[in-house]
Amino acid sequence: MKMRDASFIGKAPHRRGFLAAALSLGGFTLSGCDRVSNEPHARSLLGAANALTYRVQRFLLGAHRLAPEYGEADISPVFRANGSTDPQDDEYLDLADNDFADWRLKVDGLVEHELSLSLEDLRALPSRTQITRHDCVEGWSCIGKWTGVPLAEILSRAVIKPQARYVVFHCADTLNDGSLSDDPESIRYYESIDLIDAAHPQTILAYEMNGKTLDIAHGAPLRLRLERQLGYKMAKYVTRIELVRSLAGLHGGNGGYWEDRGYEWYAGI
Amino acid sequence: MLAREMTSPAAAAPERRSLARDPPVEPRWFRRHSGLVRVTHWVNALCFILLLMSGLQIFNAHPALYIGAQSDFEHPTISISARRADHGIKGETMLFGHAFDTTGVLGVSTTDGQLTPRAFPSWSTIPSYQDLATGRRWHFFFAWLLVLNGLAYFIFGFASRHFRRDLLPSPAELRHIGADIIEHLRLRFPRGEAAKRYNVLQQLAYLAVVFVLFPLVVLTGLTMSPGIDTAVPQLLFVFGGRQTARLIHFLAASGLVIFVIVHLAMVLVSGVWNNIRSMITGWYDLGKQPR
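Note that the protein sequences, when read in sequence, are chains R and Y. Using the numbering used here, the letters of the first sequence correspond one by one to residues 1 to 269. Using the numbering used here, the letters of the second sequence correspond one by one to residues 1001 to 1291.
Here it is as structure tokens:
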């Protein structure tokens, strides 16, 4: 028995061969993973898991369950601003110069009544204040207090047509990461959500953060809060809300700026 | 299913012939692993390596870990960063307030022949280049597969009494732990009859992996999802906030990496082909031995 043990231990060349084989196999699978990552069918197969996540989470969450809310003491001393933090678009700069007095939120698309709302109009509507955790897709979290109009309040005034399926947010900021080399035109940020999220009580268009008027770094004058999903869904500098039947006609057709750059449309995970 | 003893057709014939003259011989071939354990083992192995590497890709998007609900950016518990040094750049890993120079592997590593700021090196991530969106696709696809595979294994493990029979050490086995450690350190492993059961160190390691590390890594992963936090806010309480959950996720994954390294080393030194064969075909060679 002991001899047998020793014979196994003594087979160093075999083991080295095995290790070398394992390593070269590892190298092969590594470059294979990069190839798979760029192959459209494989990408959509991998993405199918997200469709499953969307269904399961919708089932678990229901329409009305609220994201956890925090206390005043939990508010982050420094709330990181990500993506666009200081838009240089001329139209935006002009509006900002005038403290957004001439700014209007347009609501159009598949609605019975198109709307054009000033900040004063929005502040006159019912509001909701919530202290929530903001989770960035990168991995970090910050807690902030947000005050704004529930999106449902606006949509109930515009009256959604029955064909409408998605709410699209058009923004004032150009965010060009340079990854779309074939796109010479600058692209303003855009996002979209489904009507279940649009009707959720915590889905608000915020004009205040931590008790003060929303600042430019965090999306002034108006940004979306969508507390059950990740930060990139929460469009900043929102200027237009459009109700649509399908997301196919929106830029790359995936429903958002980052979605057209490979990120998932449903960002509850 | 360790306890089932069978004689493979190949081994049976010579034994039957020798019965007449020689003393009785124990069956040499032993069916060590059931089909379900073997299949779930390899699916799990595939999922784990891909989850680990895509996880490192995701970690690289914000290579810092915190305690609590939120990120105290100035005081991470663990972080990997690159900083300017007298000659070029240096990789620095901070662990609980202590800084380590990890240039070449963590913080700064070679990509396409050039020293590049990068938390985990290119060879350890999927994809090999920086791409959070694609890393997340890999991660969530194989997370689903890992969980479904794990559920099949758990149901089987309880229903077939595999856990109780093979993984749960008996009091006698537990008392033997000191001797087992010494035997392991001398690289001497059970043969024959004793090899039919996992030894107590194996049992404890497998129990820790099956009932602690994998459940921990899955639950803390779920706790990072804002959707799941809405459905099951108790998870935030159990793990001490989303950022603590992210820290535990990283530590549990590190624990699994350590387990896999030791596991592979043990597979190599305790009879590599016999071990691999038994995890592929089920059959383990107990060796020739008179009763």
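Glycine included, each C-beta is placed from N, C-alpha and C at the ideal position.
Taking a Cβ distance cut-off of 8 Å, strictly less, list which residues of the region 41-56 of chain R are near chain Y, in chain order. Arg43, Leu45, Leu46, Gly47, Ala48, Ala49, Asn50, Leu52 and Thr53
How about Gly1055 (chain Y): is its C-beta nearer than 8 Å to some C-beta of chain R? no
Can you tell me where the alpha helix (DSSP H) holding Phe59 (chain R) begins and where it ends? Pro40 to Leu61
Where Trp1042 (chain Y) meets chain R, residues with beta-carbon distance less than 8 Å: Result: empty, since nearest Cβ-Cβ is about 14 Å, beyond 8 Å.
Considering Trp1042 (chain Y), what are the terminal residues of the alpha helix (DSSP H) in which it resides? Gly1035 to Ala1061
Per-residue DSSP class, three states only, for Pro1117 (chain Y): strand
According to a CB-to-CB cut-off of less than 7 Å, which residues of the region 1245-1274 of chain Y neighbour chain R? Arg1246, Leu1268, Val1269, Gly1271 and Val1272
Less than 8 Å between the beta carbons of Trp1138 (chain Y) and Leu46 (chain R), yes or no? yes
Residue nearest to Asn254 (chain R) in terms of C-alpha spacing, selected from R:Leu52, R:Asp94 and R:Glu191: R:Glu191
Alpha-carbon to alpha-carbon, Phe1189 (chain Y) and Phe1158 (chain Y): 28 Å
For Ala63 (chain R), collect the residues of the same chain with a Cβ closer than 8 Å to its Cβ; drop the 5 residues on either side in sequence, then sort them by chain order. Ile196, Ala199 and His200
Between the Cα of Ser1081 (chain Y) and those of Y:Lys1090, Y:Ser1054 and Y:Trp1283, spot the shortest distance and give me the residue it belongs to. Y:Lys1090
Quick one: Cα of Gly1055 (chain Y) to Cα of Trp1029 (chain Y), how far? 40 Å
Presumed contact (8 Å Cβ cut-off) between Gln1203 (chain Y) and Leu1256 (chain Y), rounded CB distance: The pair is not a contact, with the Cβ atoms about 17 Å apart (cut-off 8 Å).
Hey, out of Y:Leu1151, Y:Pro1076 and Y:Phe1096, whose CA is closest to Asn1044 (chain Y)'s CA? Y:Leu1151
With Val1262 (chain Y) and Asn1275 (chain Y) assumed to form a contact (beta carbons below 8 Å), what rounded beta-carbon distance in angstroms separates them? The Cβ separation is near 14 Å, so there is no contact.
Quick check: what's the CA-CA separation for Pro1063 (chain Y) versus Glu1092 (chain Y)? 11 Å
Of the residues Y:Gly1097, Y:Leu1187, Y:Arg1118 and Y:Phe1048, which one's Cα is nearest the Cα of Gly1104 (chain Y)? Y:Arg1118
Local conformation of Ser1081 (chain Y) per DSSP, three classes: strand
Nearest residue (CA-CA) to Cys171 (chain R), options R:Glu114, R:Pro77, R:Ser84 and R:Arg228: R:Ser84
Interface residues of chain Y facing Ala199 (chain R) [CB-CB closer than 7 Å]: In chain order: nothing, as chain Y lies at least about 15 Å away.
Segment limits, beta strand (DSSP E) that includes Glu191 (chain R): Arg188 to Asp194
Residues near Ser246 (chain R) in its chain [Cβ-Cβ closer than 8 Å; skip 5 each side]: Arg165 and Tyr166
8 Å is my cut-off, CB to CB: does Trp265 (chain R) come that close to chain Y? no
List the residues of chain A that Asp1229 (chain Y) touches, going by C-beta distances under 9 Å, in chain order. Among the chains of the structure shown, chain A does not appear; the protein chains present are R and Y.
Taking the alpha carbon of Val1209 (chain Y) as the point to measure from, which residue in Y:Trp1283, Y:Ala1245, Y:Ser1109 and Y:Ser1254 has its own alpha carbon closest? Y:Ser1254
Within 8 Å of chain Y by C-beta, residues of the region 113-147 of chain R in sequence order: Arg133, Asp135, Cys136, Val137, Glu138, Gly139, Trp140, Ser141, Cys142 and Ile143
CB of Ala1099 (chain Y) to nearest heavy atom of the ligand COA: below 7 Å? As for the ligand COA, it is missing from this structure, which has no ligand bound.
Any chain Y beta carbon closer than 8 Å to Val78 (chain R): yes
What are the partner residues of Ala1099 (chain Y), as DSSP defines its beta bridges? Y:Met1094
Counting C-beta neighbours from all protein chains within 10 Å, is the total for Trp140 (chain R) 16 or more, i.e. buried, or is it exposed? buried
Of all the CB atoms in chain R, is at least one closer than 8 Å to the CB of Ser1109 (chain Y)? no
Kindly give me the distance between the Cβ atoms of Lys233 (chain R) and Leu222 (chain R), rounded to whole angstroms, as I take these residues to be in contact under 8 Å. In fact, because the Cβ distance is near 15 Å, the residues do not count as touching under 8 Å.
Could you name the residues of the region 1158-1169 of chain Y whose beta carbon sits closer than 9 Å to any beta carbon of chain R, in the order they occur along the chain? none
Does the distance from the CB of Arg65 (chain R) to the CB of Thr1223 (chain Y) come in under 8 Å? no
Simplified DSSP assignment, three categories, for Leu156 (chain R): As written in the sequence, residue 156 (chain R) is Ser, which differs from the Leu given in the question. Here Ser156 (chain R) sits in helix by DSSP.
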